[in-house]
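Going by my numbering, the first residue of the sequence shown is number 2, and it counts up by one from there.
Each residue gets a CB set at the ideal place from its N, CA and C atoms; glycine is no exception.
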Amino acid sequence: MPAASDPPRRSRGRPPDETKHAAILAAARALFFSGGLQSLSIEAVARAAQVSKVTVYAHFTDLPGLIRKVILAQRTDMTAALEGLPKTPGGLRQALIEFGLCLMDFLTGDEFLTLQRMLATQAGQQPWLGPLIYREGAEATRAKLARLLETSVEHGDLRPHDSLQAAEQLLGMWQGIQTTGLLIGGCPPPTPEVLRRRVECGVDLILSAHAPASPAEDSVSRDP
Numbered sequence: 002m003p004a005a006s007d008p009p010r011r012s013r014g015r016p017p018d019e020t021k022h023a024a025i026l027a028a029a030r031a032l033f034f035s036g037g038l039q040s041l042s043i044e045a046v047a048r049a050a051q052v053s054k055v056t057v058y059a060h061f062t063d064l065p066g067l068i069r070k071v072i073l074a075q076r077t078d079m080t081a082a083l084e085g086l087p088k089t090p091g092g093l094r095q096a097l098i099e100f101g102l103c104l105m106d107f108l109t110g111d112e113f114l115t116l117q118r119m120l121a122t123q124a125g126q127q128p129w130l131g132p133l134i135y136r137e138g139a140e141a142t143r144a145k146l147a148r149l150l151e152t153s154v155e156h157g158d159l160r161p162h163d164s165l166q167a168a169e170q171l172l173g174m175w176q177g178i179q180t181t182g183l184l185i186g187g188c189p190p191p192t193p194e195v196l197r198r199r200v201e202c203g204v205d206l207i208l209s210a211h212a213p214a215s216p217a218e219d220s221v222s223r224d225p
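Put into structure tokens, the structure is as follows:
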């Protein structure tokens, strides 16, 4: 199957129908996260969105391109809390917590677990799918989180550090071993209270580890 690509540029004329675009994307998302690639095809999406196949192809060039847009839309929803730099260190903490709660609600939900199990069984049959989801999902989310931490360093809210590594450490603390347990049915889904404690603890550890030096620490570091 060809690599994912963006929809082609439209020539002048009738503008794209945003309502149909949204309907196609919603239909593709529902099919993809409920049944995986086996239930997802241009024909199935067209039926679910109540449009023609020609319309689907007009908005999305191919199936990989459509899947990529589904992943990008999901990532945008999850990382909305990271948009814009919080104006205070407390605002940074709250933004990270909101993002963590949104992310973990998705990663511990039935849709994500169904998708992960599907990928495990179809990785050999569709070798393009795993790298696409990893690149546009996990890697891109880590990079966006790292950019927020980098900007916080520039504004003096955090001390200089390896922001990409810190972002991965934070994501790892949030997920812990429960992801494995959920995938194999070895543990029950976490309650909202458990998720909040896990998210807040991870955020506090990262912010504490990279907090700017206090005036006393600066004075000690400058002493010969």
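For residue j and residue i, the rounded distance between their alpha carbons
{"i": "residue 18", "j": "residue 96", "result": "34 Å"}
{"i": "residue 178", "j": "residue 46", "result": "35 Å"}
{"i": "residue 9", "j": "residue 151", "result": "Unreliable placement is indicated for residue 9, whose pLDDT of 42 sits below 50; the coordinate value is still reported in the next sentence. Roughly 34 Å between the two C-alpha positions."}
{"i": "residue 139", "j": "residue 62", "result": "24 Å"}
{"i": "residue 58", "j": "residue 186", "result": "38 Å"}
{"i": "residue 14", "j": "residue 92", "result": "Because residue 14 carries a pLDDT of 48, less than 50, the predicted location of this residue cannot be relied on, and no value is offered for it."}
{"i": "residue 199", "j": "residue 83", "result": "19 Å"}
{"i": "residue 2", "j": "residue 66", "result": "Since pLDDT at residue 2 reaches only 42, below the 50 mark, its modelled position is unreliable, and the value read off the structure follows with that caveat. In a straight line, the C-alpha of residue 2 is about 11 Å away from that of residue 66."}
{"i": "residue 126", "j": "residue 108", "result": "24 Å"}
Helix, strand or coil at residue i [DSSP, three-state]
{"i": "residue 42", "result": "coil"}
{"i": "residue 202", "result": "helix"}
{"i": "residue 65", "result": "helix"}
{"i": "residue 126", "result": "coil"}
{"i": "residue 77", "result": "helix"}
{"i": "residue 95", "result": "helix"}
{"i": "residue 212", "result": "coil"}
N- and C-terminal bounds of the alpha helix (DSSP H) containing residue i
{"i": "residue 84", "result": "From DSSP, residue 84 is part of no alpha helix (DSSP H); its letter is neither H nor E."}
{"i": "residue 23", "result": "19-36"}
{"i": "residue 57", "result": "54-60"}
{"i": "residue 122", "result": "111-123"}
Residue burial classification, residue i (beta-carbon count within 10 angstroms, cutoff 16)
{"i": "residue 157", "result": "exposed"}
{"i": "residue 51", "result": "exposed"}
{"i": "residue 75", "result": "buried"}
Minimum length 4: unbroken alpha helix (DSSP H) runs contained in the region 130-199: Scanning the region 130-199 from its first residue to its last, the whole alpha helix (DSSP H) runs of 4-plus residues come out as 130-134, 141-155, 164-176, 179-184.
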